[in-house]
Amino acid sequence: MRIRDLSFSTAFNLKAVAPYDFSLTVHKPAGWSLLTPFEILESDTLWTAIRTPSGKIFGLKLRSLGTVKKPEISCDVHSLKKLSMNERKELSNTITWMLNLEEDIRQFYALAERDPLVKVLLKDLYGMRITKRSDIFPRLILAVTLQMAPIRRSDQMMNLLINEYGEKIGFNGREILYWPPPERIAKADVKELEERCKLGYRAKNLKGIAESVSKGFPAIQELERMSAEEAKAKLIELKGIGEYSADIVSPHLGFALDVWSAKIFNVLLFGERPESPRDIIPKLKKVAEERWGKWRGYVFIYVLNDLDNLSRKYNLDLTEL
DNA sequence: GCGTCCAGGTCTACC
DNA sequence: GGTAGACCTGGACGC
């Protein structure tokens, strides 16, 4: 794989609405990466990559300068060509949006006064923020590879896709592998995708999705401007994207229950393993909406990143479900 | 070793 | 409009 050397750099600092825990936000306790599984985290510095809706790829070095109560983040952006003032401004806005620096989560934390679960989550993960991404295709790859597969197999498929069809950038002495551009998957042969990335029946769907994205499927920001229902309906138009996958991809934070997380929430809320996890999903979604309202997406992410602590606290084994 | 089962959903055909 | 059944692959499990 050819390495693209991003030799131009520009730097700026960004402030966040407190509380904001940089470390918990960019590297979630459950191990989820911020933008690519191949990013590098060393103490409070993250080297990663971002692709903007225009299709350009940039190297990012993000570092925390402040504290949870007084958060500030240093951003070094590395590019192929020198950035214009407009591009610099655009990237600063994109990173602010991606890191969710301006969201005020005090309303979510206020739920802790009457909700014992939120109280525990707040104590364990204070300042952790849900992040977003500016390119839709990696979210679609995640959703497709999560279907009908244990997490290790999903990881295998994603890593193969990045290694076989992705991009490698070099900057600041680091090399980062990033997700394939949709155009490259759209051009790939289905048989080749099946064999090289072990995608199985998902290969055909992923190629079709890549074709739609490269032909102008709405960008994440456009979906964000739609209502949650409109965005979901648009996503479900893609073959291979159903209710669950649409919840994962949509920028409108939902309660994206699958069989695995349904078991966790059923044990947490009702103290027992469900007989049929798939059938219990609609009921759990309803309970979540009634109990946590618009903050249910935050509860979802906080719970899945706090399974060890919750297991200890409630004397349950949520990690082996 | 070898065979069988099934997983962090979705689509289709059939009723 | 509701619902079985098929779908790739590879790890876990029983023998």
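Everything in the first sequence is counted per my numbering, starting at 498 for the first residue and increasing by one.
Every residue gets a Cβ at the ideal spot worked out from N, C-alpha and C, and that includes glycine.
Checklist entry - Helix, strand or coil for A546 per DSSP? => result When secondary structure is reduced to three states using DSSP, A546 falls in the strand class.
Checklist entry - For K558, which three-state DSSP category applies? => result DSSP places K558 in strand when its eight states are reduced to three.
Item to check | The beta strand (DSSP E) enclosing R585, as first and last residue numbers | outcome: Careful: R585 lies outside any beta strand (DSSP E), inside the alpha helix (DSSP H) at 582-595.
Checklist entry - If you run the structure through DSSP and keep just helix, strand and coil, what is A508? => result strand
Item to check | Exposure label - G739; buried when at least 16 CB within 10 Å | outcome: exposed
Checklist entry - Since E539 is in the beta strand (DSSP E), which residue starts that stretch and which ends it? => result 537-539
Next on the checklist: Can you check which of these residues, M625, K512, E539, is closest to K567 by C-alpha distance?
Outcome noted: Minimum Cα-Cα distance from K567 among the listed residues M625, K512, E539 corresponds to K512.
Next on the checklist: Is the separation between the beta-carbon of L608 and that of W792 shorter than 9 angstroms?
Outcome noted: yes
Next on the checklist: Considering only their Cβ atoms, is the gap separating L750 from I592 smaller than 9 angstroms?
Outcome noted: no
Checklist entry - Would M498 be called buried (16 or more neighbouring beta carbons within 10 Å of its own) or exposed? => result exposed
Next on the checklist: Between the alpha carbons of E787 and K780, how many angstroms are there, rounded?
Outcome noted: 11 angstroms
Next on the checklist: Based on DSSP bridge pairs, tell me the residues matched to D442.
Outcome noted: Residue coverage of the chain in this structure runs from 498 to 818, which leaves residue 442 outside it and unanswerable.
Checklist entry - Using CA coordinates, which residue listed in T507, L532, D518, S561 is at the minimum distance from E584? => result Cα-wise, what sits closest to E584 is T507.
Checklist entry - When burial is assigned at 16 or more other CB atoms within 10 Å of the CB, is Y675 buried or exposed? => result So Y675 ends up on the buried side.
Item to check | Straight-line Cα distance separating R693 from F605 | outcome: 44 angstroms
Checklist entry - What number of angstroms, rounded off, separates the C-alpha of V523 from the C-alpha of S571? => result 13 angstroms
Item to check | Extent of the continuous beta strand (DSSP E) to which D776 belongs | outcome: First-last for D776: 774-789, but that is the alpha helix (DSSP H), not the beta strand (DSSP E).
Item to check | Through-space distance from D814 to L622, alpha-carbon basis | outcome: 19 angstroms
Checklist entry - Quick one: Cα of G663 to Cα of F714, how far? => result 20 angstroms
Checklist entry - Between the segment 695-709 and the segment 637-653, do three or more beta carbon pairs fall short of 8 angstroms? => result yes
Checklist entry - When we look at the beta-carbon of S724 and count the other beta-carbons within 10 Å, is it buried (16 or more) or exposed? => result exposed
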